[in-house]
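From first to last, the protein sequence lines stand for chains A and B. The first sequence runs 3 to 112 under my numbering. The second sequence runs 254 to 367 under my numbering. Backbone N, C-alpha and C define an ideal beta-carbon position, used for all residues, glycine too.
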Amino acid sequence: GEDVEQSLFLSVREGDSSVINCTYTDSSSTYLYWYKQEPGAGLQLLTYIFSNMDMKQDQRLTVLLNKKDKHLSLRIADTQTGDSAIYFCAENRSQGNLIFGKGTKLSVKP
Amino acid sequence: EPEVTQTPSHQVTQMGQEVILRCVPISNHLYFYWYRQILGQKVEFLVSFYNNEISEKSEIFDDQFSVERPDGSNFTLKIRSTKLEDSAMYFCASRLLGGNTEAFFGQGTRLTVV
């Protein structure tokens, strides 16, 4: 298909790890992104990974890329209530325009 | 820290009216974009703009839409005759270069067509 797919909801307890999964479509995408959107706010770039990498770690965030399966995941360690937001996976297309998934709403329970 | 700014934050308009959404991209950026997000749905690409012309547009970006960079700092999206289904959050973004440099997004303009 043409869509970037994500599960819509994820609920975790504070302190646990969160794993948000995404499948993308274009094997020629050179960069894949994770954006965070808090209620009523814009899109904040969290992290990105270049397609020749398998993993990227940035503090509490770990991105895993399986290029063969076109699968991308975002792991948030020690999830906090402030991490509650919608997380969008996006792939890069020509001219730099991004194709977004529908977003995964992460709810963190205290 | 430089940022993309959009005005207004919320616009309400009557069906059939023209609206202009305004964006000020980061000053040294060269590539500009408009995206929209219908409530509860995904963010969708509308149009990209480089070197004073449209470089790519999606199926959504029909003849009712136009973009302009009137004065070297603003980047506007005009909807000529708004429809109810144009109600959405519209995001402007800019990049320093094309391809794989980071896109910086504005806070969005919520357009409500009544």
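Item to check | 6 Å Cβ shell around A:Arg15 - same chain, five flanking residues per side excluded | outcome: Position 13 of the first sequence, counting from 1, holds the residue named residue 15 of chain A. Lys111.
Checklist entry - From B:Val296 to B:Arg289, what distance separates their C-alpha atoms? => result Along the second sequence, read from residue 1 onward, the residue named residue 296 of chain B stands at position 43. Along the second sequence, read from residue 1 onward, the residue named residue 289 of chain B stands at position 36. Taking the straight line joining both Cα atoms gives about 6 Å.
Checklist entry - If you check the beta carbons only, do A:Tyr33 and A:Tyr50 fall under 8 Å apart? => result The count along the first sequence starts at 1 and reaches residue 33 of chain A at position 31. The count along the first sequence starts at 1 and reaches residue 50 of chain A at position 48. It is a contact, given that the beta carbons lie within the stated cut-off.
Checklist entry - Does the beta-carbon of B:Leu330 have 16 or more other beta-carbons within 10 angstroms, so that it is buried, or is it exposed? => result Start at 1 with the first residue of the second sequence, and residue 330 of chain B comes out as number 77. It counts as buried.
Next on the checklist: Restricting to Cα atoms, I'd like to know which of B:Asn281, B:Glu271, B:Asn327 and B:Gln267 is closest to B:Thr258.
Outcome noted: Within the second sequence, the letter at position 5 stands for residue 258 of chain B. Answer by Cα proximity: B:Asn327.
Item to check | Length of the line joining the Cα atoms of B:Glu271 and B:Phe314 | outcome: Sequence index remark: in the second sequence, residue 271 of chain B carries index 18 (1-based). Sequence index remark: in the second sequence, residue 314 of chain B carries index 61 (1-based). Computed Cα separation, rounded: 15 Å.
Next on the checklist: I need the straight-line Cα distance from A:Gly17 to B:Thr260, nearest angstrom please.
Outcome noted: One-based indexing of the first sequence puts residue 17 of chain A at position 15. One-based indexing of the second sequence puts residue 260 of chain B at position 7. Cα to Cα, A:Gly17 sits roughly 38 Å from B:Thr260.
Checklist entry - Name the chain B residues whose beta carbon is nearer than 8 Å to that of A:Asn54? => result Along the first sequence, read from residue 1 onward, the residue named residue 54 of chain A stands at position 52. Within 8 Å Cβ-Cβ: nothing; A:Asn54 doesn't reach chain B, min ~12 Å.
Item to check | Completely contained beta strand (DSSP E) runs for the region 5 to 58 of chain A, where each covers 3 or more residues | outcome: 11 to 15, 20 to 25, 33 to 39 and 46 to 52
Item to check | Residue of B:Leu350, B:Glu309 and B:Asn305 minimising C-alpha distance to B:Glu321 | outcome: Reading the second sequence from its first residue, position 68 is the one you call residue 321 of chain B. Residue B:Asn305 is the option with its Cα nearest to B:Glu321.
Checklist entry - Any Cβ of chain B within less than 8 Å of the Cβ of A:Gly3? => result The count along the first sequence starts at 1 and reaches residue 3 of chain A at position 1. Note that A:Gly3 scores a pLDDT of 49, beneath 50, so its modelled location is shaky; the value from the coordinates is reported in the next line. For A:Gly3, the answer is no, since every Cβ of chain B falls outside 8 Å of its Cβ.
Next on the checklist: Using a Cβ-Cβ cutoff of less than 7 Å, which residues in the same chain neighbour A:Gly3 once the five nearest sequence positions on both sides are dropped?
Outcome noted: Here residue 3 of chain A is taken as the residue at index 1 of the first sequence, counted from 1. Confidence is the limiting factor: at A:Gly3 the pLDDT is only 49, short of 50, which leaves the residue's position unreliable, though a coordinate-based value still follows. Taken in chain order, the residues that qualify are Thr27.
Checklist entry - Relative to the C-alpha of B:Gln317, which residue among B:Glu256, B:Pro323, B:Asp324 and B:Val300 is closest? => result Translated into positions along the second sequence, residue 317 of chain B becomes position 64. Selected option, being the one with the closest Cα: B:Val300.
Checklist entry - Is it right to say B:Ser347 is buried, meaning 16 or more other beta carbons lie within 10 angstroms of its own, or is it exposed? => result Counted from its first residue, the second sequence places residue 347 of chain B at position 94. Buried, by the Cβ-count rule.
Checklist entry - Which whole runs of the beta strand (DSSP E) in the region 267 to 300 of chain B are 3 residues long or more, in chain order? => result 272 to 277 and 284 to 290
Checklist entry - Around the Cβ of A:Ser20, are there at least 16 other Cβ atoms within 10 angstroms (buried) or fewer (exposed)? => result Locating residue 20 of chain A in the first sequence gives position 18, counting from the first residue. A:Ser20 comes out buried.
Checklist entry - Nearest to B:Ile279 by alpha carbon, out of B:Glu312, B:Pro255 and B:Leu292? => result For the purposes of this step, residue 279 of chain B is taken as the residue at position 26 of the second sequence. That would be B:Pro255, whose Cα lies nearest to the Cα of B:Ile279.
Next on the checklist: Tell me which residues of the region 292 to 309 of chain B have at least one Cβ-Cβ distance to chain A shorter than 8 Å, keeping chain order.
Outcome noted: Gln294, Lys295, Val296, Glu297, Phe298, Ser301, Tyr303, Ser308 and Glu309
Item to check | Alpha-carbon to alpha-carbon, B:Gly361 and A:Asp5 | outcome: Translated into positions along the first sequence, residue 5 of chain A becomes position 3. Translated into positions along the second sequence, residue 361 of chain B becomes position 108. Taking the straight line joining both Cα atoms gives about 23 Å.
Checklist entry - Just curious, the beta strand (DSSP E) that A:Arg124 is in, first and last residue? => result The structure shown has nothing for residue 124 of chain A, since chain A only spans 3 to 112.
Next on the checklist: Is B:Arg275 close to chain A? Criterion is C-beta to C-beta, closer than 8 Å.
Outcome noted: Taking the first residue of the second sequence as 1, we reach residue 275 of chain B at position 22. Output row for B:Arg275: interface = no.
Next on the checklist: Does any residue of chain A have a CB that is nearer than 8 Å to the CB of B:Glu271?
Outcome noted: Position 18 of the second sequence holds residue 271 of chain B. By this cut-off, B:Glu271 is not an interface position.
Checklist entry - If you draw a straight line from the alpha carbon of A:Gln8 to that of A:Asn99, how long is it in whole angstroms? => result Counted from its first residue, the first sequence places residue 8 of chain A at position 6. Counted from its first residue, the first sequence places residue 99 of chain A at position 97. Computed Cα separation, rounded: 19 Å.
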